[in-house]
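Protein chains: 2
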Amino acid sequence: MAKNMIIGQSGGPTVAINASLSGAIQQAMKSPEIGEIYGALNGLEGLLKENIIDLRASMRSAGDFQRLEATPSMALGSCRFKLPNYPHEAYDKLREIFRRYEIGYFFYIGGNDSMDTVLKLSNYFKECGDDVKCMGIPKTVDNDLPVTDHTPGFGSAAKYIATSLIEVAHDSAVYDLPAVTIVEIMGRNAGWLTAAACLARNGAGGAPHMILLPESAFDPDAFVSKVKELQAKTKSVIIAVSEGIKFADGSYVASSGTSATDAFGHAMLAGVGGYLKSLLQDQVGCKARAVELSVLQRSASHCSSGTDIREAVTIGARAVELAAAGETGAMVVFRRICENPYLVSCDKAGIGDVANLEKTVPASWITPGGWDVTEQMDRYLRPLIQGNPPRFEKDGLPDYFALDKTIVKR
Amino acid sequence: MAKNMIIGQSGGPTVAINASLSGAIQQAMKSPEIGEIYGALNGLEGLLKENIIDLRASMRSAGDFQRLEATPSMALGSCRFKLPNYPHEAYDKLREIFRRYEIGYFFYIGGNDSMDTVLKLSNYFKECGDDVKCMGIPKTVDNDLPVTDHTPGFGSAAKYIATSLIEVAHDSAVYDLPAVTIVEIMGRNAGWLTAAACLARNGAGGAPHMILLPESAFDPDAFVSKVKELQAKTKSVIIAVSEGIKFADGSYVASSGTSATDAFGHAMLAGVGGYLKSLLQDQVGCKARAVELSVLQRSASHCSSGTDIREAVTIGARAVELAAAGETGAMVVFRRICENPYLVSCDKAGIGDVANLEKTVPASWITPGGWDVTEQMDRYLRPLIQGNPPRFEKDGLPDYFALDKTIVKR
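As they're listed, the protein sequences go chains F and C. The first sequence lines up with residues 756 to 1165 when you count with our numbering. The second sequence lines up with residues 756 to 1165 when you count with our numbering.
Here you go:
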């Protein structure tokens, strides 16, 4: 007999999460094992409050799915709620809700923390003897989930970052003056996003000229020397830097100089960009400016990757397919079968092998001294940014999709 | 007998400047009055150093023109050099260079300051009795040039700002928590760019909920009250703010709280975004964050407006057409003939009527209290962001054009 499914989204936004949601709903509609298709608003937090909607009712046409896939951020909303260890009242509450809504399939689209939730719930339901299949669907712009070759959401962020880098380099090159432009990119511990700046080297004087990842310790003196060396060769030096770079002692560069306070007495952080800019003005005396790509790198659907969106749909669908076939306690992953031509398969990994683990950039993909990434990085990244997905416009601007958020009570 | 022309670019980058350059070159190629087509690298500064290139040689095919039109920033480079008042040695130097290169036509693509240069040079050559036609071609993301209905470069920046606003609003709405997001937009004295945020109101909860322009004095207490009022209605409040807003005493909000210094002893500016964020954390106690759209708003060709690029080509061509017909001391302008359907003509204005003058947002287009813009602004802006121009990609990223910068000596 068919059982109902529920799906939620958790963690930070990407432009590919809704594509995975779309894939999951489309596959569920084709699966006789699945009855109602519920969505949890704001992840587990909303689920516990029974903020549950009917996704079958929301998606009325093929066009709705295409528009959902082209929409950034999270149509179901998100939460930062991490399921506590068992025993905790949340487990009983969830079990009771799942029974009442006759849930047999639980899907969670998220990153490391969300996979921890999938791990805990799949173990819990197994222990209880309840037949609830729990599957994780990966997403994160950080690309730091293990086992999977890469994560949906990352390719589009990489494309936006490389595109922006090229444009910032064009903007920076107009004056006949030596200048340094620092572009600050997301990623506290893993440097994948910042590394994507290397893709921009198809013009505008080979920018970026330096790529600083959190995987390499930052040495201010060596940095200043390196900038001087670059300035001897090029007038407009472009530096891509991760927000998460650290000094040799492990402390974040972004947190240095915290003695400053603003007009309201709050501590003011210069951030990595501000710090490097000041360092260069002080030690090199050159014109320097800092650009922060900010939240747009994870929400710019207008610049998404066709490959990324297509793969996100596929991986969402595959999770539902596997769960309907009886799989549980797993996350769907990509395995790269071939680099050229690019070919991936969509497989599964034990959730215990991914939850709470972080994949950083391998040391062998970083050049000696930590100033750049190797050719291998470009080969790895290049296929992930190819193509443009269908985009929808209204009155000259993106026409994004919103779900009907009518709550369904049972 | 045909005379040669020279064209230069000056001031800050936009994504439409190269389109005007393309239009000018294409028209010159069709004009029997014009012989050689020279480009001055880095504007007047480069011209004085005779950094002059041959544009006819650079543009080899129709495809080259299309790619140049799709390329952001300034293919010829820029300068911030303002021609001093006559008498000054620069005049004699320029006259000598113009004679040697047999220049009969001078075109300068730029904003207010560049039009001042065109004014001075056209007067100077008239006084000398030299037959050199001097024409200004407008560009500025700020849209602050008088007479012309709008300025090339502005429409694309407006489209990028509105697109980004929609995406930032999607990003900000994911958590079930009250939060304020402040989006800082360029414009020191004129609020046109910030006003373009109003175009984003086609979804995502009507964001932005507040638009603060430099044309209205900023009152911190009234602002805090207004934010509280908005928070009673919506969870995620989005505020678009111009970098140039000022207190009632005329001082820049961005400059307040300058007592803070960074790790190197440099004064640290929180900027407008940082100031408003701190103000809200202090007075409202809510989660607040600031996003700065930065230089991408003037260089994001990947998100340019079809109307803007097409018009920029037209206005560049029109300047050459007018000069070839004997016009001098003028800037080409757009006159809006009809709003719906949108129709503009491409006319000329006396350079004295535009040089050094600034067009700000009319008071009647700002709502009482200065919290928003009126419907008239949307009607004015909407046609300027329509359509997408041809875009060129290579390996998943924009494929921008570069001129051959071989110097031509005469």
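Even glycine gets a Cβ: it sits at the ideal position worked out from N, Cα and C. Fair warning: this is a prediction, and the values are worked out from it, not measured in the lab.
(message) Here's the rule: buried if 16 or more other CB atoms are within 10 angstroms of the residue's CB, otherwise exposed. What is residue 981 (chain C)?
(response) Residue 981 (chain C) counts as buried, since at least 16 other C-beta atoms from the protein chains shown sit within 10 angstroms of its C-beta.
(message) Is it buried or exposed, residue 953 (chain C), if we count other Cβ atoms within 10 angstroms and call 16 or more buried?
(response) buried
(request) Could you work out which residues of chain F lie near residue 955 (chain C), taking near to mean beta carbons separated by less than 8 Å? (result) 1152
(request) Excluding the 5 residues preceding and the 5 following residue 905 (chain C) in the sequence, name in chain order all residues of the same chain whose CB lies nearer than 7 Å to its CB. (result) Excluding sequence neighbours, residue 905 (chain C) sits near 898, 1089 and 1139.
(message) Any C-beta of chain C within less than 9 Å: which residues of the region 1046 to 1071 of chain F qualify?
(response) 1046, 1047, 1048, 1049, 1050, 1051, 1053, 1054, 1055, 1056, 1057, 1058, 1060, 1061 and 1062
(message) Let's test the definition: count the other Cβ atoms within 10 Å of the Cβ of residue 851 (chain C) and tell me whether it reaches 16, buried, or not, exposed.
(response) exposed
(message) Rounded to the nearest angstrom, what separates residue 1126 (chain F) and residue 838 (chain C) at their Cα positions?
(response) 42 Å
(request) Report yes or no: is there a C-beta of chain C within less than 9 Å of the C-beta of residue 952 (chain F)? (result) no
(request) Use the C-beta contact count for residue 1022 (chain F): other C-beta atoms within 10 angstroms, 16 or more gives buried, fewer gives exposed. (result) Exposed.
(request) Mind reading off the beta-carbon distance from residue 827 (chain F) to residue 768 (chain F)? Whole number of angstroms is fine, and I expect it under 8 Å. (result) 7 Å
(request) Please classify residue 924 (chain C): does DSSP put it in a helix, a strand, or coil? (result) helix
(message) Below 8 Å on the Cβ atoms is my contact criterion, and I expect residue 907 (chain F) with residue 771 (chain F) to pass it. Report the Cβ-Cβ distance as a whole number of Å.
(response) The Cβ separation is near 4 Å, so the contact holds.
(message) Going by DSSP in three states, residue 903 (chain F) sits in which element: helix, strand or coil?
(response) coil
(request) Using 10 angstroms around the beta-carbon of residue 756 (chain F), count the other beta-carbons present and answer buried if the total reaches 16, otherwise exposed. (result) exposed
(request) Specify the secondary structure class of residue 1031 (chain F) as computed by DSSP and reduced to three states. (result) helix
(message) Using 8 Å as the cut-off, can you tell me whether the region 910 to 928 of chain F makes contact with the region 969 to 981 of chain F, which would need three or more C-beta pairs spanning the two stretches below that distance?
(response) no
(request) Classify residue 756 (chain C) as helix, strand or coil using the three-state DSSP reduction. (result) Three-state result, residue 756 (chain C): coil.
(request) Locate the alpha helix (DSSP H) running through residue 1132 (chain C), then write down its first and last residues. (result) From DSSP, the alpha helix (DSSP H) with residue 1132 (chain C) extends over 1130 to 1136.
(request) Would you check if the region 1081 to 1088 of chain C and the region 867 to 874 of chain C touch, i.e. whether three or more CB-CB distances between them fall below 8 Å? (result) yes
(request) Would you kindly check if the distance between the Cβ of residue 1046 (chain F) and the Cβ of residue 1030 (chain F) is under 9 Å? (result) no
(request) Find the residues of chain C that neighbour residue 898 (chain F), judging by a C-beta separation of less than 8 Å, and give them in chain order. (result) Under the 8 Å cutoff, chain C gives no residues; its nearest Cβ is about 16 Å from residue 898 (chain F).
(message) Could you check whether residue 811 (chain C) and residue 1166 (chain C) sit closer than 9 Å to each other, using their CB atoms as the reference points?
(response) Examination of residue 1166 (chain C) is not possible in this model, given that chain C is present from 756 through 1165 alone.
(message) If we require 3 or more residues per run, which beta strand (DSSP E) segments fall completely within the region 851 to 875 of chain C?
(response) 858 to 865
(message) Please classify residue 1058 (chain C) as buried or exposed, where buried requires at least 16 neighbouring CB atoms within 10 angstroms.
(response) buried
(request) Can you grab the Cα-Cα spacing for the pair residue 1020 (chain F) / residue 1040 (chain C), in whole Å? (result) 14 Å
(message) Residues in the same chain with beta-carbon distance under 8 Å from residue 1082 (chain F), minus the five sequence neighbours each way, listed in chain order, please.
(response) Taken in chain order, the residues that qualify are 888, 890 and 1103.
(message) Assuming contact is defined by CB atoms lying nearer than 9 Å, are residue 884 (chain C) and residue 764 (chain C) in contact in what I supplied?
(response) no
(request) Give me the Cα-Cα distance between residue 950 (chain F) and residue 833 (chain F), rounded to the nearest whole angstrom. (result) 27 Å
(request) Could you run through the region 961 to 981 of chain F and flag, in chain order, every residue whose CB is less than 7 Å away from some CB of chain C? (result) Hits within the stretch: zero.
(message) Quick check on the burial criterion: 16 or more other C-beta atoms within 10 angstroms. Buried or exposed for residue 1092 (chain F)?
(response) Around the beta-carbon of residue 1092 (chain F), fewer than 16 other beta-carbon atoms lie within 10 Å, marking it exposed.
(message) On the DSSP bridge list, what partners appear for residue 1044 (chain F)?
(response) F:936
(message) Would residue 760 (chain C) and residue 858 (chain C) qualify as a contact pair, given that the criterion is a beta-carbon distance under 9 Å?
(response) yes
(message) Just to confirm, is the Cβ distance from residue 860 (chain F) to residue 799 (chain F) under 9 Å?
(response) Taking 9 Å as the cut-off, the beta carbon of residue 860 (chain F) is found no closer than this to the beta carbon of residue 799 (chain F).
(request) Determine whether the Cβ of residue 701 (chain C) lies closer than 9 Å to any Cβ atom of chain F. (result) No statement about residue 701 (chain C) is possible, as the shown extent of chain C runs from 756 to 1165 and does not include it.
(request) With a cut-off of 8 Å on the beta carbons, I'd call residue 868 (chain F) and residue 766 (chain F) a contact; round off their distance for me. (result) 6 Å
(request) Would you identify the three-state DSSP class for residue 1093 (chain C), choosing helix, strand or coil? (result) In the three-state DSSP reduction, residue 1093 (chain C) falls in the strand class (E or B).
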